[in-house]
């Protein structure tokens, strides 16, 4: 079941995958580098016996892919074996890590996740049971949706600001916890509700109990809008909204903010599909399929070295010439990160005879780093970081380009505007990140 | 370059892949089971040095996947090494094979393709050069688009009825031959024209020359419409028409033939995408994305045995609940073969709250076997083989079902209606196939 | 170079292999399950750049082969990255581990090795530099030959009783440390001397310095004689003696202790080769090759299930019929653990016509568990554990059997007799192991 | 069973392996590149169901390892499916092949084996049943021990000169055919007799019948002595003699022909093991083990590029220093082909302190090519091809070298001297091979 859940959420991380299972007495683990289907085969799954399990797909950062960082992380502490799966990114983790090391702790991985285990394993924490867990949560800063598994219970935690999604589902008498509802759908579980920001959910043989780690004091949520724009699957319900519907609305707002006279609206499939519908409906300009995806695109395609003459070939998309030839074309996509792939596709359209090309992006220019779990490239590589709209248009070789405003974004979701994080577009971080920004800028200079 | 061409045409065959290359003196080969990306890696490609090459992706028949049947087939005959890649299916091949065996020939594979080589290698054929090749073509019956490669030349052949596509492209001063134009696009070659039915094209250091194997007598083409409906990529130009545009027209005709009052039109992605556009435009009913594809669907997903409770899970598509809930939904797809997958998806829609479900299929019910290269299941498994429309509707648990008529089909392509093969829908075969039909029916009884 | 060293010492552990390398600034690691040649290929080695490295081959215990337990273990502590490779087995490790856990430490592996790192990482230890290391060594009980690697230095440690071997070599200006001299030979390094029991060797850019962790007090060494009898390669110099020569002497003593009238002496290759020479020379009975090894014996041979009729087939050795037929045969081997393989071979000899079969074993009956790093099976499986000589002879279906005495053993090595551990034969352990023996016996009862 | 038989005979060919099995109705096949254990796993063997099977291990020639050449070769002819496994090498095969091609035949492989099938499949041959088979055998020249399998019967053939071995065994009521008796031993079959030179054995449900293809005329056998010297396993009975005993005799004759005063005789393991016994016994000089084999030597060991300093390392053998230091050493091996490996080992001995080194080789200098199935390198690479004894001694850096004479060789086997082939040493071929020798010399010049 956990295997299916990971498979449905493979888009959330392709670097590594793992499952830890409890049979009530002990925990068994399998983790590995690669996709869920690479890491697990029938014998591997057959060996993972038990009645409770947690899984993880790891979202790889550019450099170090090391199986040691694969999750769930399974260790022994005085309470026995414990496993943890973590979505998000802590801030100020280094300081806490330094402190632990100064007291003699050793670290096997470079993940924040191991730090959380160290905090939980402290005798002073354990002694105080659930209060201890709450205490640890209070000390953590940043984004963390966590699943913990011991022989006897599963604990689900979402940070007080709720940066990352976490949902609760039910399948018969069993509880299911996942990042996205598409995982519940695949295992035919029913979506019950989101784990609330700051909530700790305990699940054991007696069922589910819940506490809040924020107590009396109210913390404003900072739910990540990039999930809605780009990261989550369109069939998922995230922060209470169906992602596809949010994206259709983004397209509508985009059409209102950046109208243009044209003959056809096409999507960059599949990322721009939902917003394209909204743009076409709002503008009244007919939609067509200008790009066709190659369904066999995967990780193993090699670009043979002797193929110099055809480097830069786009093996993923091809243009339907008849759709764009001699036409004024609006191309809708969800975001532009580095811009080189987009520019290649715009050139393809131009070569196939498009008369005008207008690009519309269903979010603002992405200009700032994320410290809460989305791994953008450094500012130097981020196309919009130091370009204004005209600079972006020129780089992309477009007749016009339009990005949705932050207001447009916030008008497309159902929650109160102040409950969302828009830092990667606005640069307004919810906590003091000067220290990190400094380091980020330093990184740029190298 | 050939590797890229195969990659672009992977959809035409997933069972095996291969490339044979000529360096002017001899031929080198690599073939293997699996996808193009499974069979080739950098060292394998680096070993294939030369200036001319042919490749093949094999479309697997249910039973025997054996690497011996992988193509191109490379053998030695009195003229030296020769390789052949074959798309299509011969009829009456068994009789010719029996005759060869009676004269002492041995066969290493069970393919028609080896038979063609035996015919070409006959001294009486070789002695007569190009005339000999034409003579062999005259003796062959059925569907064959062929590529032959010797150390000195490449020969492209398309059968007189032109069942399967074959196109000529140009890249600089080099010629490129492929089944579909999407292969030309990927290697940035320019589409020149189709190889004509009955044409033999010779390419060597002196360039390209062409002859017709049909001579004076005129043979009516029988170009396979299933290519347009289902098999070819939408971005390809097949038999002179852009496949996507043909499919949009199929959708328009479908809307005219089978209108229904509804709230939304959705596609079964990606097979129904183009026809859905036509249906929506013609009917005026808004299109939306009711199904979302899992991009990680591949061959290696395992259905763990212990997952009894969730068997029959559709790992490929999920429903966007908000698109269909409480609505009257039209679902468009390109064809239905066995029907079980379609029924599962209709049930998903129903479970997600669709009020009415009307399915529209952009071709007639597929009722008859193909003897020219499309591998349909036996009649017993073919949903429409022995069901009328009402039977189909009931099986699929639909509120209504509508299949496009043959007339609708033929109105969507630009060639003369009599130039297309519609046998799998009409049962009208262009040659006497009683013998095969008998065998086909016999197979059913077992 | 380290790769070669591991390859030469592959016989010391086949379960897992690994290398950690320092480039002066940081450490890079590769570990994996399987043989050295499974874990490393050219790209993997190319990625391990630096000027200092340690490696490890893991000697698998029956049950849990988990890549997490593969060594060298690489972690971060307050001093930066540190790696450790450990040969041997600690006693009373569980108690220390419990104590660490009680103070909040977490453990990623089930190895003793991780415990040593925890001890080293304690602030109180680190603060005291080399003294700290000595302090830790003083607290450890059991067998440990260790290699530690940090960015700046390598540390080699051998426990005060010197259970396991550890040698120092020199290659140009570089130092090499290994378990056996055969590793030095392969990399063309010169054997310098053994690391002494209780010695700590520090190697950095300033060269080599050494200290003793035992200080004034004299600890009697307990060097493992099973290394000489069975474990080490015959071409290695272990504890100052060439293993092959020791084994030839074992054979001589064996012939003196257990003479028998016979026609030929044969070895169980290759384990009995050296002792056979000694036995033949001392007895004057000619040696011949009665068994032939299949050189392709490896781990991947499968015993197909349908092959019921030929189960129990010995794929490793075959008899040379002419050597044994009608003869009185003395068979020499180094040890008998479970006895089933030996019995199978004796039956083969009998079937090939041997008239009498006399087995001679170049060590005493192995009756007791080893707590210092040799992984014998439990007593139930240990053939000699509860059988007297007559019982052994009957089980093995021999005409006579003779085991070398402990005195014979000790007379074959050059060191003072009290400097060797003979616990697995005598049951005389150098430290109090009652607790372990109890557990060992408890294990038997299950 | 066949899998075990191949495993026992793995030394006869490491390039490819395969099995074809008959269930009485049809044949199923699995062949692949690599060792027997690489090609077969449990599922692969489980799929090969039937009551009769033939297998093959392919002895790779330097250049083209192509799975197409793997055997048994399975094809269809007018009589149905047929499979063939071939040991040996035909002469004048090219001419017959050319003739077949001239008549229109095509060849999928570059093996002689396929040619034999073509000859058997000729209608004129088949029509005449067993007589036809005999007729084909009469037309073949060169070395061939064959196994043919059809749905109904198995046929074993040995060429009239009996170059290669072929033995008959019995297991219960079943017949077993193999190249060497070590295969019979492993499957616990009983050795019955050799298939005679020129004999054809038919095995079907009625049992075994036999005919001779040589008829009245007597053909002198030319059994390959290189099998006895080098190729066969010492535990096999080949041409009526136990290989180990023959080699012991070779060693005795060697001692008589090339005595030398020395302290110790050592073997190059395992190739020189048997002859070393003979040399030591005859000379009275004690034998010792001067070289130790690394048991993990296999095909996958990589020589990392950065390891410049230790190139030429001998990962297979290491010297036991105490055995050779200060001593006059006789080193016995079975043959020297290129000489570079031997020279490396002699240098190792010298470096370890050997005072004198005398090499003794248990066959004459190998100077001529083999056209009957042993793949020697070209003359340029063959050490002895153009060197006299003094030249060999100098190249090998020895104090003395002695090769056994042809007379010594022939005195060590039990058959009449004229029944053996010694061409690779004497240059006396049994048939006219001028044409081949010419080509062989031509090859040298390049």
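Residue numbers (this note's numbering), protein chains in the order written: chain A, 1 to 446; chain B, 447 to 892; chain C, 893 to 1338; chain D, 1339 to 1784.
Virtual Cβ for every residue (Gly too), placed ideally from N, Cα, C.
**Request:** Check whether the Cβ atoms of residue 83(A) and residue 54(A) lie closer than 8 Å to each other.
**Result:** It is a contact, given that the beta carbons lie within the stated cut-off.
**Request:** Provide the residue(s) that pair with residue 621(B) in DSSP beta bridges, ordered along the chain.
**Result:** Beta-bridge pairing links residue 621(B) to 616(B).
**Request:** With residue 1183(C) as the anchor, note down where its beta strand (DSSP E) starts and where it stops.
**Result:** Here the beta strand (DSSP E) through residue 1183(C) covers 1183-1185.
**Prompt:** What is the rounded straight-line gap between the Cα of residue 600(B) and the Cα of residue 609(B)?
**Reply:** Pairing residue 600(B) with residue 609(B), the inter-Cα distance amounts to about 21 Å.
**Asked** Comparing the C-beta of residue 165(A) with each C-beta of chain B, is any distance below 8 Å?
**Response** With 8 Å as the cut-off, residue 165(A) does not count as an interface residue toward chain B.
**Prompt:** Which bits of chain C does residue 1348(D) rub up against, with CB to CB less than 7 Å?
**Reply:** Here the neighbours are 1188.
**Item:** Cβ-Cβ distance between residue 60(A) and residue 92(A) below 8 Å
**Value:** In this structure, residue 92(A) does not lie closer than 8 Å to residue 60(A) by Cβ.
**Message:** Going by beta-carbon coordinates alone, are residue 1459(D) and residue 552(B) separated by less than 8 Å?
**Reply:** The answer is yes: Cβ separation under 8 Å.
**Request:** Indicate whether at least one CB of chain D lies closer than 8 Å to the CB of residue 468(B).
**Result:** Answer no: the Cβ-Cβ gap between residue 468(B) and chain D never drops below 8 Å.
**Residue-level contact to chain C via CB, residue 1345(D), 8 Å cutoff** = Answer yes: the Cβ-Cβ gap between residue 1345(D) and chain C drops below 8 Å somewhere.
**Request:** Please determine, among 1067(C), 923(C), 1302(C), the residue with the shortest C-alpha to C-alpha distance to residue 1255(C).
**Result:** Check the Cα spacing between residue 1255(C) and each of 1067(C), 923(C), 1302(C): the tightest is with 1302(C).
**Prompt:** Which one of 640(B), 828(B), 851(B), 853(B) has the shortest CA to CA distance from residue 841(B)?
**Reply:** Nearest of 640(B), 828(B), 851(B), 853(B) to residue 841(B), Cα basis: 828(B).
**Prompt:** Looking at the C-beta of residue 1000(C), does it have a partner C-beta in chain A at a distance below 8 Å?
**Reply:** Yes - at least one Cβ of chain A is within 8 Å of the one on residue 1000(C).
**Asked** Considering only residues of the same chain and omitting the five flanking positions on each side of residue 46(A), which have a CB-CB separation below 8 Å?
**Response** For residue 46(A), where only same-chain residues beyond five positions count, there are no Cβ hits under 8 Å.
**Request:** Below 8 Å on the Cβ atoms is my guess for residue 1352(C) versus residue 1220(C); work out the distance and round it to an integer in Å.
**Result:** No answer is possible for residue 1352(C): it lies beyond the span of chain C, which begins at 893 and ends at 1338.
**Prompt:** Among residues of its own chain, excluding the 5 on either side of residue 1664(D), which ones have a beta-carbon nearer than 7 Å to its beta-carbon?
**Reply:** Here the set comprises 1691, 1693.
**Prompt:** In terms of residues, what are the limits of the alpha helix (DSSP H) holding residue 802(B)?
**Reply:** In the DSSP annotation of this structure, residue 802(B) is not part of any alpha helix (DSSP H); the continuous beta strand (DSSP E) holding it starts and ends at 802-807.
**Request:** May I ask you to list, following chain order, the residues of the segment 678-707 of chain B that have a beta carbon less than 7 Å from some beta carbon of chain E?
**Result:** As a matter of chain content, chain E is missing from the structure shown, whose protein chains are A, B, C and D.
**Message:** Considering only DSSP beta bridges, list what residue 565(B) is partnered with.
**Reply:** According to DSSP, residue 565(B) shares a beta bridge with no other residue.
**Message:** On the DSSP bridge list, what partners appear for residue 532(B)?
**Reply:** Note: residue 532(B) sits in a beta bridge opposite 592(B).
**Item:** Selection from 94(A), 242(A), 81(A) that minimises the alpha carbon distance to residue 141(A)
**Value:** Closest in C-alpha terms to residue 141(A), from the list 94(A), 242(A), 81(A), comes 94(A).
**Request:** Examine the Cβ distances between the segment 724-738 of chain B and the segment 694-712 of chain B and report whether three or more of them are shorter than 8 Å.
**Result:** Enough Cβ pairs lie closer than 8 Å, so yes.
**Request:** List the whole-angstrom C-beta distance separating residue 1698(D) from residue 1568(D), where the pair is believed to meet the contact cut-off of C-beta under 8 Å.
**Result:** With a Cβ gap of about 15 Å, residue 1698(D) and residue 1568(D) do not count as contacting.
**Message:** Let me confirm a value: residue 1436(D) is counted as buried when at least 16 other C-beta atoms fall within 10 Å, else exposed. Which label applies?
**Reply:** Of the residues assessed, residue 1436(D) falls on the exposed side of the cut-off, its CB having fewer than 16 other CB atoms within 10 angstroms.
**Prompt:** Ordered along the chain, which non-local residues of its own chain (more than five positions away) have a Cβ less than 7 Å from that of residue 846(B)?
**Reply:** So the list reads 706, 804, 839, once near-sequence residues are dropped.
**Request:** With DSSP as the reference, please indicate the residues paired to residue 1094(C) in a beta bridge.
**Result:** DSSP output for residue 1094(C) lists 1047(C), 1101(C) as bridge partner(s).
**Request:** Could you work out which residue in 681(B), 576(B), 660(B), 666(B) is closest to residue 625(B) when comparing CA atoms only?
**Result:** When only C-alpha atoms are compared, the closest one is 681(B).
**Sequence-distant residues of its chain with Cβ nearer than 6 Å to residue 849(B) (five each side left out)** = Cβ within range, chain order: 807, 810, 811.
**Prompt:** Near residue 373(A), which residues of its chain fall below 8 Å by C-beta distance, leaving aside the five closest residues on each side in sequence?
**Reply:** Excluding its 5 nearest sequence neighbours in each direction, residue 373(A) has C-beta neighbours in its own chain below 8 Å: 59, 87, 88, 89, 143, 163, 164, 224, listed in chain order.
**Asked** When the cut-off is 8 Å and only beta carbons count, does residue 1311(C) lie next to chain D?
**Response** Answer no: the Cβ-Cβ gap between residue 1311(C) and chain D never drops below 8 Å.
**Message:** Counting only Cβ pairs nearer than 8 Å, list the residues of chain A close to residue 631(B).
**Reply:** Result: 318, 319.
**Item:** Three-state secondary structure assigned by DSSP to residue 857(B)
**Value:** DSSP, reduced to helix, strand and coil, places residue 857(B) within a helical segment of the structure shown.
**Prompt:** Can you find a C-beta in chain C that's less than 8 Å from the C-beta of residue 1400(D)?
**Reply:** At residue 1400(D) the pLDDT is 42, less than 50, meaning the model places this residue with poor confidence and gives no usable figure here.
**Message:** Checking the sheet assignment: what are the DSSP bridge partners for residue 1115(C)?
**Reply:** Beta-bridge pairing links residue 1115(C) to 1312(C).
**Message:** On the DSSP bridge list, what partners appear for residue 733(B)?
**Reply:** The beta-bridge partner set that DSSP reports for residue 733(B) consists of 711(B).
**Asked** Looking only at DSSP bridge pairs, what is residue 1394(D) linked to?
**Response** Note: residue 1394(D) sits in a beta bridge opposite 1356(D).
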